[in-house]
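Line order of the protein sequences matches chains A and S.
Per full-length UniProt numbering, the very first residue in the first sequence carries number 1; after that it's consecutive.
Per full-length UniProt numbering, the very first residue in the second sequence carries number 1; after that it's consecutive.
Here's the structure we're looking at; comments come further down.
Number of protein chains: 2
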Amino acid sequence: MKIVIVGGVAGGASAAARARRLCDNAEIIVLERGHYPSFANCGLPYYVGGKIQSRNKLLVAPIDMLRQRHRLDVRIRSEVVQIDRDNKQVSVRNLESGEEYTETYDKLIIATGASPFRPPLPGIDGPRVLELRDLNDADRMYELATSGVTRATIVGAGFIGIEVAENLVRRGIHTTIVELSEQVLPPWDQEMIAPIDEHIRAQGVDILLGESATSFDDGPDGLTINLKSGQALKSDFAVVCIGVRPESQLAADAGIQCGDRGGIIVTDQMQTNDPDIYAVGDVTQVSCFVSKTPTQIPLAGPANRQGRIAADHIFGRQSSYRGTQGTAVVGVFEKTAAMTGLSEKQLKRLDIDYEKVYIHPANHAGYYPGAEALTLKLIYAPKTGVILGAQAVGGDGVDKRIDVIAMAIQGGMTVEDLEEAELCYAPQYGHAKDPINMAGFVAAGVIRGDQPVVHVDSIDPQMFLLDVRSEAEFAAGHIPGATNIPIEVLREHTDEVPKDKTIAAYCKVGQRGYLATRVLMQRGFNVVNISGGYTSWLRSQ
Amino acid sequence: MKIVIVGGVAGGASAAARARRLCDNAEIIVLERGHYPSFANCGLPYYVGGKIQSRNKLLVAPIDMLRQRHRLDVRIRSEVVQIDRDNKQVSVRNLESGEEYTETYDKLIIATGASPFRPPLPGIDGPRVLELRDLNDADRMYELATSGVTRATIVGAGFIGIEVAENLVRRGIHTTIVELSEQVLPPWDQEMIAPIDEHIRAQGVDILLGESATSFDDGPDGLTINLKSGQALKSDFAVVCIGVRPESQLAADAGIQCGDRGGIIVTDQMQTNDPDIYAVGDVTQVSCFVSKTPTQIPLAGPANRQGRIAADHIFGRQSSYRGTQGTAVVGVFEKTAAMTGLSEKQLKRLDIDYEKVYIHPANHAGYYPGAEALTLKLIYAPKTGVILGAQAVGGDGVDKRIDVIAMAIQGGMTVEDLEEAELCYAPQYGHAKDPINMAGFVAAGVIRGDQPVVHVDSIDPQMFLLDVRSEAEFAAGHIPGATNIPIEVLREHTDEVPKDKTIAAYCKVGQRGYLATRVLMQRGFNVVNISGGYTSWLRSQ
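See below:
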């Protein structure tokens, strides 16, 4: 068996290692265009910022190890320029010597990944307009960032843009982020990421939303980034990270089928339309685990698992890829945003019915020092309660809650399963009723009709806004037009609540509002609780 | 509807709040023997140690709030001394005045909890032999711990014993722990808790295992704790925390059925043999979620959920308790031990077939600063791969992994589901192949026969021990009798490996050992990988 793998990072490296374990006498050739196979691409921004100090640490699987331990024929600076399916061979160009040669294969695995999208804007190919995909890019950015420059502009506020921003700030560089959409970190829903946007600005970063670069002028006094609005930003350098595109041209040229967005179409065993050719990682189109629709989600975890699965199938194993859930996390100046499953905007786009709830608990018992606020949004099927997605922002404990829900989604579980989840509890780790349980309680309460909710984006001006917090809380700020009747005295003051209107009750985060909803429902009022309470309302402003 | 709840902490408080939400005009009486309903009992040790500085913070639901907001008739210092089932009434003693009165009920909820076990040892009732159940106990311990004393002895190394030890050390008190069994924190398997034992001793705490107190002598120069071995410990005070017993006597006296270990027997709706009487929390016998056998596990999370369920059933709701999984966590001097599901020793006791694997990954990508080692033990059904339990020890990220597996157990999921789990990954949070995935890979590999394993407790002297680490690692320490052939050169040296013996391969944590196992298996050797490698072996010594 002779396996040729095109691309030696993440998916390609995993496929190679798995193939070797399954068959020690297979010939396995890894053709990597860059200088390094299997480097830590998720660590690049942190190397630029100095958080990771040793460049060597990024070389997670040194080439000698791959050659000696795994007996892989790893060839760096080797670009595959053509696939000849009829003769089952690839043309390889040695990027050092320029020579070309052919290599035959029994099975071919395409793991070419995705490359940063670079729109054809004037000046984008200038020396001070960077991107960050590989170690060479990181070296260049490192050099610039530590050369005493003071201003940088980042085009694109996705994962890499935000991580680069944090790390340039770490280097003392004043950083501006330009983002085409109306929010940073577009995979999250806008209201969930608002506190992260605020937090980034609080570190001195300028964020320009709904804005884009139209050209880059490299002049003697620095780089000018011209924006759609007419504004011009002066910078010492720019970083363009406006998303990636699957590097599927090589495959497409050979007649391998690709999807609308360019990803190679594969089976659950990662096989392309040519049964001897597999594709894994960011170059593929995957199925969304939740909606079962085709999608394109570049993530390291899925790439690694896909590599295993391709190798498994080559050697007759029965593993299959279940689809990508979109579990993701990003660290932003000591805060964390994480998500799994579908976002609300994706559900709208896919026209899938959903309900959602918001909670704002602390990450652990409030009486134990160091508790940090977190916000959790849980999205689920309105009748069955099957979990469709979740997003969380805050500090410690955000990734934990999303991981737990990610596992629940993997198991096809419901909000009732979250109610019954039995999780670690000691006061420094969580709550006797963990945020996971709380989200389940609230969502299940909505399904059972115990607690009808309204969301801050759907409050009707005809509703009677009932603030059940204390007078002091009300005085410190409230939703305009609300009437204050603290929950403690509500039962004696129901005559002040109209019977002919929908009552929208709220408190700080939703718990007293829930009790008020129960009190009023049982007295015949038409009442809903504002999910997430005043905290959610503030976020929406 | 008139509901009387006996006990106002955790389960009782949850039942009361839930009942109120379900029925605003029910009469709900909470009879609490102590001075405070709903205090933070899990926070008591940290109040003693000064980590929680304000005593008020422990009063999570002040009595006024319960009375005004929830309209609960909360009566403190009120002990129920008799249940008269025929007349559906209880006799209540006012502990302040000594008066007794009766209170009728439509439904009675018993939430009396569990009390620290105090064996009838000479001197145990002396003023310097403490326990830690309620705020009064905490006040007393706080006073002693801050009075300038220097020596304390803790009898019992369970959760509370260990938490108290940490907090007495925080107060600068030299602390000795006496534990009857051969390990600290008996719910964990011994080999998993060994690093925690070491870590506690490294803080200056003395631990005496296989030892117990036989009497306490209170003398003018302090307290003497006499031990079974004949040793006598001088201390300023002692804390006895050798487990708890359900406080079910009141129920038993009224003919409510209790199990062998004293817990009240309840249905999945928390109903006792008297349909008008429910029991929730530590006073009940529960069903183990995994084995479905009756058990007695005092935990705050389950108590809270049981309280909800009892109230639900009273008001005709369809919720039911699924059983207790035994998810638990303890923080020990900045380290964490967590577990969920059944331990290996419980499985042995229950005679349930299991397989197990050990991994020793870092909590997040090693190239990102601050990575901490963790050890994860995954226990599963040998054929189906259904997860039976898991234990982890380490620093950051331990509770997260156990919570994810707890959710998987709740969903009846398998080790293959762990392989496919899609979890949060960025280098400061995890790995592209998270420890959860790794544990799944290893366990599934064992099931598929790709990787036969042997455990350090089953290494046969007839086996050929093959150390595939580097020469330098081997020189620094190895299993006695092992032969060193580094994985990098193993393929050229298979003639040095005997064909007529079982080869037990190992490396540092199991990964190179796995590859060696694959290399040798494919060459016809009879080979197994030592699960967890040299790290596991060291732990077993």
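Heads up, the beta-carbon is just placed ideally off N, CA and C, and yes, glycines get one too.
Within-8 Å CB hit, residue i to chain A
i	result
S/M413	yes
S/P187	no
S/G301	yes
S/M407	yes
S/Q410	yes
S/I52	yes
S/G262	no
S/R75	no
Beta-carbon proximity check, residue i vs residue j, cutoff 8 Å
i	j	result
S/V415	S/G385	yes
S/E372	S/G395	yes
S/V155	S/C241	yes
A/V30	A/D73	yes
A/V60	S/Y368	no
A/A421	A/G397	no
S/A392	S/P187	no
S/T224	S/V205	no
A/E191	A/S540	yes
S/L144	S/D137	no
A/A114	A/R245	yes
S/M438	A/G411	no
A/S215	A/L180	no
A/K51	A/N167	yes
Separation of residue j from residue i, as counted between CA atoms
i	j	result
S/G430	S/I109	44 Å
S/I264	A/K433	23 Å
A/I530	A/V446	12 Å
S/I3	S/I314	9 Å
S/P435	A/P302	15 Å
S/I162	A/V169	43 Å
S/L208	S/T517	41 Å
S/R33	S/E79	5 Å
S/D460	S/V527	13 Å
S/F237	S/R151	7 Å
S/S343	S/V286	17 Å
S/G255	S/Q82	11 Å
S/L95	S/K345	43 Å
S/I160	A/Q325	40 Å
S/G43	S/D399	18 Å
S/R71	S/D217	48 Å
Residue-level contact to chain S via CB, residue i, 8 Å cutoff
i	result
A/A10	yes
A/R518	yes
A/P298	no
A/Y429	yes
A/T293	no
A/Y368	yes
A/T327	yes
Classification of residue i by the beta-carbon crowding that lies within 10 angstroms, buried from 16 upward
i	result
A/N363	buried
A/P220	exposed
A/S319	buried
A/H493	exposed
A/I348	Correcting the residue type first, residue 348 of chain A is Lys in the shown sequence and not Ile. Classification of A/K348: exposed, given that the 10 Å Cβ count is below 16.
S/N41	buried
A/P127	exposed
S/N304	buried
For residue i, the residue or residues it bridges with in DSSP
i	result
A/R151	A/H174
S/E355	S/Y380
residue 542 of chain A	The structure shown does not extend to residue 542 of chain A, since chain A is modelled only from 1 through 541, so no value can be given for it.
A/D206	A/T176
A/F216	A/I225
A/T414	A/V386
A/Y368	None; A/Y368 has no bridge partner.
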